[in-house]
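According to this note's numbering, the sequence shown is numbered sequentially starting from 54.
In this text, a Cβ means the ideal position worked out from N, Cα and C, and glycines have one as well.
Fair warning: this is a prediction, and the values are worked out from it, not measured in the lab.
Structure first, commentary second.
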Amino acid sequence: MSLQQPNGNSSSCSSPKEHKTEESDEELLMVPDMEAAGSTGVLSSSADDGVNNLEIDQTQNGTSTAKRGRGRNPVDKEYRSLKRLLRNRVSAQQARERKKVYVSDLESRANELQNNNEQLEEKISTLINENTMLRKMLINTRPKADDNH
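Quick look at the structure:
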């Protein structure tokens with residue numbers, strides 16, 4: 054997957070700050086893939102360095118294999134750092150969205166439970182009043198103990 058501009062061209066800018074105002078939300082969520090694009094699309098400001106250009110050209114032609122390890126290209130490190138930063142931004146935004154949904158669900162559940170609680174309290178009050186009234190009726194309808202003797 055590569056970072057696409059609105060016109061469909063791949064972005065070769067090494068700093069997201071340079072074209073930040075031109076990016077849409079969808080573009081911010083896209084993470085460019087270093088392995089698919091190779092290290093050919095990203096050049097540092099030291100493009101005058103003939104060694105870097107030679108290494109990139111050799112990698113493009115397939116005549117040289119890039120060694121992984123301690124001698125990593127600073128452009129590669131910068132790219133990986135930017136890629137990680139972008140992934141972290143996307144992840145943080147997704148976490149914020151999940152939190153909003155979670156809090157919204159909790160608030161709606163709290164409102165439902167509060168309404169249910171109020172209804173149950175009204176029902177309890179009604180049943181207590183009805184119970185009290187029935188007890189009074191029962192006492193009034195019982196034959197008196199004095200009348201039987």
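Drop a sphere of 10 angstroms on the beta-carbon of residue i, count the other beta-carbons inside from all chains shown, and report buried for 16 or more, exposed for fewer.
i	result
Tyr132	buried
Spatial neighbours of residue i within its chain, please: C-beta separation below 6 Å, excluding the five flanking residues on both sides.
i	result
Asp158	none
Arg151	none
I'd like the list of long-range same chain contacts for residue i, defined as Cβ closer than 7 Å, with 5 residues on each side in sequence excluded.
i	result
Gln147	none
Asp101	Unreliable positioning characterises Asp101 in this predicted model, as indicated by a pLDDT of 47, which lies under 50. A coordinate reading is not provided.
Asn184	none
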